[in-house]
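Numbering (the working numbering), first residue to last: 1354 to 1637.
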């Protein structure tokens, strides 16, 4: 304990590990043990503390211990029964609601109704993309998210057209949110230490300029077709992916003002919107 009575996170994790708590590889668990990193996440990544807040995957509760005293409306969602029992035992004095469930089944509106809240979590690599999409699809219930992901995933989330990191994930995230890279987290901040660097990101939810949610399905049909063979020219990938004659595909791209020789990774969101608009008009 410190003079203020606070058990530092490294000591806390060592203590619970001695009592049999394990980091499970199958669930992508690595425990944060660095107080300065946790404090920085809360300081730089979090909004005003009167918002409802949900933490995804609290594990042994290193971050939860700092969030609970600051956010009076906090939910923590944990799938691992062992960690649920630990949290119930160790953090029973903290004011938060613990939900033992799969985060992919969580409906945010069931937590805070018509309000908009915030989400925070260290997202396991094996399920990062599904979790991001699950909650971005509930953007009407969110003001934003603070997430820690592997650095390579962060690179894709932030990527702009013209590089190999730019892809469907980049587009999906940037359609729904303004993405801000906050800082990298070294392997030494975790126990057990992962082999990769992590990155903390803040996503402020906002609609992409000029994007119509009603066209979301057809938009992503076009984007998925374009990236299905990302090394080929847009003319060929769209023709194949959308089952269109090449001549018609060429006409659509010309009307949209997009060079048919470009690859999917060279085309920005606004140009994909133009392609969708022309294709929609052609179909109607």
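Note that the Cβ used here is the ideal one computed from N, Cα and C, for glycine as well.
This one's a predicted model, so the numbers in the text were calculated from it and none came from an experiment.
- Put simply, of 1490, 1402 and 1537 the residue whose alpha carbon is nearest the alpha carbon of residue 1506 is 1537.
- By the Cβ-count criterion, residue 1410 is buried, with 16 or more other Cβ atoms from all chains shown falling within 10 Å of its own Cβ.
- The three-state secondary structure of residue 1564, taken from DSSP, is coil.
- Distance from the CA atom of residue 1444 to the CA atom of residue 1592, rounded to whole angstroms, is 56 angstroms.
- The C-beta distance from residue 1581 to residue 1386 rounds to 42 angstroms, too long to meet the 8 angstroms contact threshold.
- For the pair residue 1452 and residue 1429, the CB atoms are nearer than the 8 angstroms cut-off.
- In the structure shown, residue 1498 adopts extended strand secondary structure according to DSSP, grouped into three states.
- With a beta-carbon spacing of about 6 angstroms, residue 1590 and residue 1578 fall inside the 8 angstroms limit used to define contacts.
- In the DSSP assignment, residue 1406 falls within the unbroken beta strand (DSSP E) covering 1406-1409.
- Within the same chain, and ignoring the five residues on either side of residue 1624 in sequence, the residues whose Cβ sits closer than 6 angstroms to its Cβ are 1611.
- Residue 1509 sits in a helix when the DSSP states are folded into three classes.
- Looking at the DSSP output, residue 1552 bridges to 1502 and 1537.
- Residue 1622 sits away from residue 1606, with the two beta carbons spaced by 8 angstroms or more.
- Residue 1445 carries a coil assignment under DSSP once its states are collapsed to helix, strand and coil.
- Counting every other CB atom within 10 Å of its CB across the protein chains shown gives residue 1431 a total of 16 or more, marking it as buried.
- For residue 1586, the secondary structure class from DSSP, reduced to helix, strand or coil, is strand.
- Inclusion of residue 1569 and residue 1616 in the CB contact set at 8 angstroms is not warranted, their separation being larger than that value.
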